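Undergrad: Heads up: the protein sequence lines correspond to chains D and A, in order. Note that numbering that gives the first Met the number 0 numbers the first sequence so that position 150 is 149, with each residue one more than the last. Note that numbering that gives the first Met the number 0 numbers the second sequence so that position 140 is 139, with each residue one more than the last. Quick reminder that beta carbons are idealized off the backbone N, C-alpha and C, glycines included. Nothing here was measured: the structure is a model prediction, and the numbers come from that model.
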Amino acid sequence: MLRAVRGGRAVWAPRGGSGSGSGGAKLGRPLRTAAPQRSDIFRELGPRLSRLGQALRGQLPESEGAWNSLRPHQNSPPPPERADVVVVGGGVLGWSVAYWLKTLENRRHGMRVVVVERDPTYSQASTVLSVGGIRQQFSLPENIRLSLQSATFLRTINEHLWVPNEPPIDIQFQPSGYLFLASEHGAATLEAGVKVQREEGAKVALLSPSQLKAKFPWINTENVAVASYGLENEGWFDPWSLLNAFRRKAMSLGVYSCVGEVTSFVADTADNTPGMPRGVGRVKYVNVRLPDSPEQQPVSCAIVVAAAGAWTGKLLDSATAGLQGSLTLRRLPIEPRKRYVYVWHCPGGPGLETPFLIDTSGAYFRREGIAGNYLGSMSPPEGREPDVGNLEVDHDFFQEEVWPRLAHRVPAFRSLKQVKSAWAGYYDYNAFDQNGVLGPHPQLPNVFVLGGFSGHGLQQSPAAGRVAAELLLHGSCAAVDVGRLAPGRLWGSEPLLEAAIV
Amino acid sequence: MAAALAIRGLRGGRIPPPPHPTGPLRGAASGALQRLGEWFYEVEVVLGWAERLRRRRLRRKNAFEGQQRWLCADSRGRWSPEVLQFHHVPVVAVDLSGSQLTYDGLDNFVLLTKLQHLDLSGCPHVDDWALGRLHVFGDSLQELSVARCPRVTERGLATLHQLPKLRCLDVGGLAVQSPGLLRILLEEMLPQCRVLGMEMEEGDPPEAPPELGQPPPLCDSAVIGGRVVPKWH
Chain D
0 MLRAVRGGRA VWAPRGGSGS GSGGAKLGRP LRTAAPQRSD IFRELGPRLS
50 RLGQALRGQL PESEGAWNSL RPHQNSPPPP ERADVVVVGG GVLGWSVAYW
100 LKTLENRRHG MRVVVVERDP TYSQASTVLS VGGIRQQFSL PENIRLSLQS
150 ATFLRTINEH LWVPNEPPID IQFQPSGYLF LASEHGAATL EAGVKVQREE
200 GAKVALLSPS QLKAKFPWIN TENVAVASYG LENEGWFDPW SLLNAFRRKA
250 MSLGVYSCVG EVTSFVADTA DNTPGMPRGV GRVKYVNVRL PDSPEQQPVS
300 CAIVVAAAGA WTGKLLDSAT AGLQGSLTLR RLPIEPRKRY VYVWHCPGGP
350 GLETPFLIDT SGAYFRREGI AGNYLGSMSP PEGREPDVGN LEVDHDFFQE
400 EVWPRLAHRV PAFRSLKQVK SAWAGYYDYN AFDQNGVLGP HPQLPNVFVL
450 GGFSGHGLQQ SPAAGRVAAE LLLHGSCAAV DVGRLAPGRL WGSEPLLEAA
500 IV
Chain A
0 MAAALAIRGL RGGRIPPPPH PTGPLRGAAS GALQRLGEWF YEVEVVLGWA
50 ERLRRRRLRR KNAFEGQQRW LCADSRGRWS PEVLQFHHVP VVAVDLSGSQ
100 LTYDGLDNFV LLTKLQHLDL SGCPHVDDWA LGRLHVFGDS LQELSVARCP
150 RVTERGLATL HQLPKLRCLD VGGLAVQSPG LLRILLEEML PQCRVLGMEM
200 EEGDPPEAPP ELGQPPPLCD SAVIGGRVVP KWH
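(1) Using CA atoms only, rank isn't needed, just tell me which of D/425, D/80, D/407 is closest to residue 127 of chain D.
(2) Taking a contact to mean a Cβ-Cβ separation below 9 Å, would you say residue 216 of chain D touches residue 131 of chain D in this structure?
(3) Name the two residues that bound the continuous beta strand (DSSP E) containing residue 135 of chain A.
(4) Once DSSP output is grouped into helix, strand and coil, what is the label at residue 248 of chain D?
(5) Rounded to whole angstroms, how far is the Cβ of residue 306 of chain D from the Cβ of residue 92 of chain D, which I believe are closer than 8 Å?
(6) Closer than 9 Å between beta carbons: that is the criterion. Which residues of the stretch 148-168 of chain A meet it against chain D?
(7) In or out: residue 175 of chain D buried (at least 16 other Cβ within 10 Å) or exposed?
(8) At a CB-CB cut-off below 7 Å, which residues of chain A make contact with residue 197 of chain D?
(9) In angstroms with no decimal places, state the Cα-to-Cα distance between residue 474 of chain D and residue 463 of chain D.
(10) Can you list the residues of chain D that residue 177 of chain A reaches, using a CB-CB cut of under 9 Å?
(11) Would you be able to state if there are at least three C-beta pairs under 8 Å between the stretch 437-455 of chain D and the stretch 113-121 of chain D?
(12) Within the same chain, show all residues whose beta-carbon is closer than 8 Å to that of residue 162 of chain D, passing over the 5 residues directly before and after it, in chain order.
(13) Taking a Cβ distance cut-off of 7 Å, strictly less, list which residues of the stretch 336-369 of chain D are near chain A, in chain order.
(14) Closer than 6 Å by C-beta to residue 486 of chain D: which residues in its own chain qualify, once you throw out the five before and the five after it? Chain order, please.
(15) Name, please, each residue of chain D whose Cβ falls closer than 7 Å to the Cβ of residue 132 of chain A.
(16) Assuming residue 190 of chain D is part of the alpha helix (DSSP H), what are its boundary residues?
(17) Distance check for residue 255 of chain D and residue 89 of chain D, CA to CA, integer angstroms please.
(18) Short of 8 Å Cβ to Cβ, which residues in the stretch 147-159 of chain D face chain A?
(19) Please name the residue in D/227, D/50, D/496 whose C-alpha comes closest to that of residue 563 of chain D.
(20) Would you decide whether residue 95 of chain D is buried or exposed? Buried here means 16 or more other CB atoms lie within 10 Å of its CB.
(21) What's the call for residue 278 of chain D, buried or exposed, on a 16-neighbour Cβ count within 10 Å?
(22) Buried or exposed for residue 184 of chain D, going by 16 or more other Cβ atoms inside 10 Å?
(23) Using a Cβ-Cβ distance under 9 Å, would residue 128 of chain A count as near chain D?
(24) Since residue 270 of chain D is in the alpha helix (DSSP H), which residue starts that stretch and which ends it?
(25) Can you have a look at residue 453 of chain D and say buried or exposed, based on whether 16 or more other CB atoms are within 10 angstroms of its CB?
(26) Which chain A residues sit within Cβ distance under 8 Å of residue 58 of chain D?
(27) Under 9 Å, do residue 479 of chain D and residue 145 of chain D count as touching if we go by C-beta distance?
(28) Using a C-beta to C-beta distance shorter than 7 Å, which residues of chain D count as neighbours of residue 181 of chain A?
(29) Under 9 Å between the Cβ atoms of residue 233 of chain D and residue 137 of chain D?
(30) Taking Cβ positions only, does residue 234 of chain D come closer than 9 Å to chain A?
(31) Would you say residue 176 of chain D lies against chain A (beta-carbon separation less than 9 Å)?
(32) So residue 172 of chain D contacts chain A; which residues on that side make the cut at Cβ distance below 8 Å?
(33) Any beta-carbon of chain A closer than 9 Å to the one on residue 214 of chain D?
(34) Is it true that the stretch 313-321 of chain D meets the stretch 263-281 of chain D, where meeting means three or more beta-carbon pairs spaced less than 8 Å apart?
(35) Go to residue 179 of chain A, then tell me how far its alpha helix (DSSP H) extends in each direction, as first and last residue.
(36) How far does the alpha helix (DSSP H) with residue 302 of chain D in it extend, from its first residue to its last?
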């Protein structure tokens with residue numbers, strides 16, 4: 000309330016007491032003894048502005064591109080109401096598909112792609128807990144081709160994923176190759192596999208036990224009939240760098256990233272849509288539950304890409320639970336399987352040339368850094384799978400199963416007694432035939448399943464994402480014919496088995 | 000001789016003068032020019048230019064087996080006709096220092112099965128992936144230089160064990176974290192090879208290299224409690 004001060008001073012007689020100064024301009028109004036209101040505003044303007052600035056700064060993220068670990072979803076907006084493609088799952092496969100969709104679309108900003116991830120800290124995601132190897136030593140031509148194309152992508156990663164004003168991407172690739180050992184029992188399979196790999200263009204050498212001993216003197220070649228050694232494009236790299244690179248580039252191309260959990264699909268089925276054939280549905284909305292809240296946001300979409308890794312089967316089960324009236328959905332056999340990784344230090348161990356060695360018994364190890372640390376593990380035998388409820392590490396497994404086998408193969412490891420560190424992660428395990436699943440769901444044609452790679456998803460993610468994007472955009476993929484990887488085979492009787500699963 | 004000329008570029012050192020005549024001014028005339036050069040700045044400069052011209056010609060040559068001299072293209076990229084005489088002679092040494100060679104450019108060289116000397120120093124695009132391709136020279140390569148290649152790291156150097164005949168490896172000027180430890184590991188990996196250029200840092204007092212039982216002096220930050228402690232912020 001601003002009152003014009005008439006004439007200035009001595010107009011009103013002084014009166015003790017109230018100093019609010021809000022009285023009318025009448026005689027006998029006291030002089031103000033409190034601070035006048037107009038100067039109130041200006042004097043407080045400074046502190047008010049600085050408080051406002053602090054409040055605003057508190058809303059901003061702490062550093063460029065980083066997540067606030069305490070409130071990771073604080074700065075991530077809710078998903079939009081309409082989208083063209085919703086990618087469920089923000090692991091390396093999900094972001095790879097999102098990146099390729101935006102790269103291969105015909106018009107800039109022609110498609111709205113939303114990636115929904117429920118855990119932005121990636122505490123249980125297979126991608127970041129992976130050992131990070133890449134190899135072409137598979138027995139299926141599709142796997143070899145996907146891996147070769149991924150290796151070419153990783154080599155030229157800065158041409159694809161570099162964002163201006165950022166430092167060049169370094170995935171810290173170590174080109175040391177994979178070494179598969181085979182006993183007499185598995186020698187024929189190994190040699191057949193090498194033949195297929197060479198036909199596809201992978202550079203693999205076959206070694207006899209004496210050549211193996213000459214090349215790697217620290218190996219005990221007992222019970223080894225033949226070994227296959229990858230010469231180029233094989234090794235290991237840092238999965239986190241790849242995930243971050245995909246994410247950053249995809250977001251720079253306009254992909255929306257949201258935090259939330261997809262709880263259910265709303266679909267057109269024969270029950271609610273006249274003319275719809277029985278047994279088939281078409282997803283119209285995806286319900287995303289926002290973090291720390293019971294609120295659900297329906298996102299209308301044309302295509303859903305189910306790239307939830309180990310939880311793809313569970314996602315489809317729970318999301319379609321409400322549709323089971325006319326549409327009995329067959330269960331997708333993609334489930335989590337827990338795998339451990341142990342790190343140990345061995346001063347006299349194998350040297351700088353150590354490849355990623357996979358023993359005849361299935362135990363594997365590789366070097367980590369140049370300071371004499373190694374990491375390795377083994378897939379548990381059939382029927383003795385650990386409980387997948389948590390990511391606790393079983394150290395007895397190392398002492399009883401892994402260490403004896405590795406110490407037999409590499410005598411230098413006999414002296415090591417304890418493990419420096421260990422962690423556990425999930426394989427997105429395809430219980431049917433342990434190979435990737437890539438293609439539209441037969442009963443929900445606009446749900447594209449991308450998962451089940453059972454331990455080789457990370458290494459095939461750039462190429463698999465590209466194939467998926469081409470199938471979605473163009474209907475066919477010229478580079479790799481992945482017809483055999485379609486989900487339809489999962490309920491058939493002919494598993495597409497891969498011999499070289501680690 | 001070809002070997003000596005090949006090594007010349009390895010440490011960035013001075014070129015030793017060729018022991019046999021290569022230019023028209025050797026002999027009595029060169030002595031006169033040198034004396035003139037002591038008196039006149041202009042002659043000194045001209046002598047320097049002549050030397051640089053000779054060096055540049057040397058730089059661009061490939062040596063063939065049994066051949067004493069380097070052969071190269073002249074400044075306009077044309078080769079002398081005598082190169083055609085060596086059509087069937089295997090190439091023994093290639094000097095690619097400072098060139099723009101990439102991973103794909105090595106396609107042109109993987110067919111040289113008798114290659115003994117390869118100089119890739121100072122190539123800005125040679126990285127760990129390109130070093131992984133050098134295994135094709137495993138039967139013959141004796142000298143290799145990857146000095147001052149900015150993109151080569153210790154990870155690419157681990158692939159060099161595929162070259163068992165290597166006798167001299169120049170890795171000076173590489174950006175690695177712990178050069179002393181890496182040198183020891185390289186010497187263990189290639190026992191018959193002389194490793195040049197990866198000294199301990201200048202500032203360190205001369206001390207015995209750390210034994211492998213003890214943790215290395217420099218912190219290998221990737222290995223605190225295991226490599227992939229999931230890196231969220």
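TA: Reading it off the structure:
(1) Numbered from its first residue, the first sequence carries residue 127 of chain D at position 128. The option with the nearest alpha carbon to residue 127 of chain D is D/425.
(2) The count along the first sequence starts at 1 and reaches residue 216 of chain D at position 217. The count along the first sequence starts at 1 and reaches residue 131 of chain D at position 132. No. Outside cutoff.
(3) In the second sequence, counting from the first residue as 1, residue 135 of chain A sits at position 136. Element bounds for residue 135 of chain A: n/a, residue is neither H nor E.
(4) The residue you call residue 248 of chain D lines up with position 249 of the first sequence. Helix, per DSSP.
(5) By 1-based counting over the first sequence, the position of residue 306 of chain D is 307. By 1-based counting over the first sequence, the position of residue 92 of chain D is 93. Yes, residue 306 of chain D and residue 92 of chain D are in contact; Cβ-Cβ is about 5 Å, under 8 Å.
(6) Under the 9 Å Cβ criterion, the stretch 148-168 of chain A contributes 152, 153, 154, 155, 156, 157, 158, 159, 160, 161, 163.
(7) On the first sequence, residue 175 of chain D is found 176 positions in, with the first residue counted as 1. Buried, since its Cβ has 16 or more Cβ neighbours within 10 Å.
(8) If you number the first sequence from 1, residue 197 of chain D lands on position 198. Going along chain A, no residue has its Cβ under 7 Å from residue 197 of chain D, so there is no contact; the nearest lies around 15 Å.
(9) Indexing the first sequence from 1 puts residue 474 of chain D at position 475. Indexing the first sequence from 1 puts residue 463 of chain D at position 464. Cα to Cα, the separation comes out at about 15 Å.
(10) By one-based count along the second sequence, residue 177 of chain A stands at place 178. Residues of chain D passing the Cβ test: 369, 370.
(11) no
(12) For this step, residue 162 of chain D is matched to residue 163 along the first sequence. Excluding sequence neighbours, residue 162 of chain D sits near 247, 248, 251.
(13) 342, 346, 347, 350, 351, 352, 367, 368, 369
(14) As a first step, residue 486 of chain D is located in the first sequence; it is residue number 487 there, counting from the start. Excluding sequence neighbours, residue 486 of chain D sits near 436, 438, 440, 448.
(15) Position 133 of the second sequence, counted from the start, is the residue given in the question as residue 132 of chain A. Within chain D, the residues near residue 132 of chain A are 231.
(16) The count along the first sequence starts at 1 and reaches residue 190 of chain D at position 191. Run containing residue 190 of chain D: 186-199, per the alpha helix (DSSP H) assignment.
(17) If you number the first sequence from 1, residue 89 of chain D lands on position 90. If you number the first sequence from 1, residue 255 of chain D lands on position 256. When rounded, the distance between both Cα atoms is 11 Å.
(18) 154
(19) In this structure chain D extends from 0 to 501, so residue 563 of chain D is not present and cannot be described.
(20) Working through the first sequence from its first residue, we reach residue 95 of chain D at position 96. Buried: at least 16 other Cβ atoms inside 10 Å.
(21) Sequence index remark: in the first sequence, residue 278 of chain D carries index 279 (1-based). The residue is exposed, with fewer than 16 neighbouring Cβ atoms inside 10 Å.
(22) Residue 184 of chain D sits at position 185 when you count from the first residue of the first sequence. So residue 184 of chain D ends up on the exposed side.
(23) To locate residue 128 of chain A, count along the second sequence from 1; it is residue 129. It does; some Cβ of chain D falls within 9 Å.
(24) The sequence position of residue 270 of chain D within the first sequence is 271, counting from 1. Per DSSP, residue 270 of chain D belongs to no alpha helix (DSSP H) and is neither H nor E.
(25) Taking the first sequence and counting its residues from 1, the one referred to as residue 453 of chain D is at position 454. In this structure residue 453 of chain D is buried. Its beta-carbon is surrounded by 16 or more other beta-carbon atoms within 10 angstroms.
(26) Looking up residue 58 of chain D in the first sequence gives position 59. Those within 8 Å of residue 58 of chain D in chain A number zero; the least Cβ separation is about 17 Å.
(27) On the first sequence, residue 479 of chain D is found 480 positions in, with the first residue counted as 1. On the first sequence, residue 145 of chain D is found 146 positions in, with the first residue counted as 1. Result yes, Cβ atoms of residue 479 of chain D and residue 145 of chain D sit closer than 9 Å.
(28) What you label residue 181 of chain A is simply residue 182 of the second sequence in a count that begins at 1. By Cβ distance, chain D contributes 369.
(29) Position 234 of the first sequence, counted from the start, is the residue given in the question as residue 233 of chain D. Position 138 of the first sequence, counted from the start, is the residue given in the question as residue 137 of chain D. No. Outside cutoff.
(30) Translated into positions along the first sequence, residue 234 of chain D becomes position 235. Taking Cβ atoms only, chain A reaches closer than 9 Å to residue 234 of chain D, which makes this a yes.
(31) Here residue 176 of chain D corresponds to residue number 177 of the first sequence, with the count starting at 1. By this cut-off, residue 176 of chain D is an interface position.
(32) Looking up residue 172 of chain D in the first sequence gives position 173. Those within 8 Å of residue 172 of chain D in chain A are 127, 128, 154.
(33) To locate residue 214 of chain D, count along the first sequence from 1; it is residue 215. Chain A, which has a Cβ nearer than 9 Å to the Cβ of residue 214 of chain D, makes this yes.
(34) yes
(35) Taking the first residue of the second sequence as position 1, residue 179 of chain A is located at position 180. From DSSP, the alpha helix (DSSP H) with residue 179 of chain A extends over 178-188.
(36) Locating residue 302 of chain D in the first sequence gives position 303, where the first residue counts as 1. Here residue 302 of chain D belongs to no alpha helix (DSSP H); instead the beta strand (DSSP E) covers 302-305.
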